[in-house]
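The next block holds one structure in the form of structure tokens; read it before the comments.
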Amino acid sequence: MSLHSISCSFLSVTPKIWIENDELYGRTSFIGQMFTLFSYCRYLHIIPRQKIIEIENRKSWICQGIQTIPFSDVSHIDYDFSSVGTSWGYDGSSFWGRQDQLEAYTVSLILKNQEKVPLFSFNGEGSVETGTVGVILGKDSIFDFEGNQGKKSREFCNALSSLIGVPVGEPLKHLADEQGDKFFCKKCNRALGPNSKKCIYCGGMAYVPGKPEISKEVKTQKARCTKCHHLMNPNQKQCIYCKGSLEVIEC
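The structure is reproduced here in structure tokens:
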């Protein structure tokens, strides 16, 4: 991007996305349809009240029917990025690299059966940061122009996530401890890491469903100096502050 980038919407080819009556609609951009002589178009309709997603594709000027996906079948939203260089030179970090590029952000739905359902691609002119060194040594331009495909794709992902109630990106696996127990927050019911004491989101107590004895706060061992009462690692042989003896306590 040289020293400064300027965002221009006309440098992007993005789908038309709009919300009407609390329902989200999407359609392949007019320019994208022109490139295929209007033989291809994708329509998207999300109906939160019915908790369904409707996708209709037109290929070779023929409608392929409507695909209906319940919200409950969606695992997460896939957000993919790819780019192709359009100019090269000294990029400020290595001797030879990109100074400009074309970008593509692709948004898809990943179903719980691992099926990938493509929705839309957001394409446009990108920028590469070369800095002062790239401008002076690589003869890169001071100002670089880029499209708004990144911003538009992020807004679309956030809207999808909010309406469908699934995360952007694959959810983290709920890890169990050595005994196979999985911890949850008693207050907000979020999944927690192995041997968690408290919820990192709301501060609630951790517990394991079906095991009341583990529902209490998980206790850990600490060493306390009998002289200055400082807490430290139980593996220490003596106090690092006053050289006093240590006693093991639960906290």
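Adding 17 to a residue's 1-based position in the sequence shown gives its number in this note's numbering.
Even for Gly, the Cβ is constructed at its ideal location relative to N, Cα and C.
Note that the coordinates shown come from a computational prediction; the quantities given were computed from them, not determined experimentally.
Contact check, residue i vs residue j, beta carbons under 7 Å
i: I94; j: C174; result: yes
i: Q118; j: N140; result: no
i: I127; j: S170; result: no
i: V185; j: Y96; result: yes
i: K204; j: G182; result: no
i: L136; j: V145; result: no
i: G43; j: I34; result: yes
i: L209; j: F200; result: yes
i: K239; j: I266; result: yes
i: C242; j: G227; result: no
With 16 other Cβ atoms within 10 Å as the buried cut-off, status of residue i
i: N252; result: exposed
i: E163; result: buried
i: D161; result: buried
i: I79; result: exposed
i: P32; result: buried
i: R59; result: buried
i: Q81; result: exposed
i: L41; result: buried
i: I217; result: exposed
i: I83; result: exposed
Beta-bridge pairing of residue i - partner residues as DSSP gives them
i: A208; result: F201
i: T123; result: D97, S138
i: K228; result: V225
i: I240; result: The sequence as given places Ala at residue 240; Ile does not occur at that position. The partner list for A240 (beta bridge, DSSP) reads M249, V265.
i: D117; result: S104
i: P87; result: I69
Best match in the options for proximity to residue i [C-alpha to C-alpha]
i: Q50; options: L41, N74, K68, E40; result: N74
i: T85; options: S99, G102, I63; result: I63
i: L180; options: T123, A121, V265, F88; result: F88
i: I23; options: K215, G143, K260; result: G143
i: H246; options: R66, S46, L263; result: L263
i: D16; options: V101, A176, G106; result: Outside the displayed span of the chain (18 to 268) sits residue 16, for which this structure offers no information.
i: V225; options: V101, Q196, F47; result: Q196
i: E120; options: N130, T53, K168; result: K168
i: E132; options: G114, D90, W113, R115; result: D90
i: S6; options: W113, Q67, K68, Y122; result: No statement about residue 6 is possible, as the shown extent of the chain runs from 18 to 268 and does not include it.
i: E187; options: K129, A223, C242, S213; result: K129
i: P65; options: C25, H191, S178, M249; result: S178
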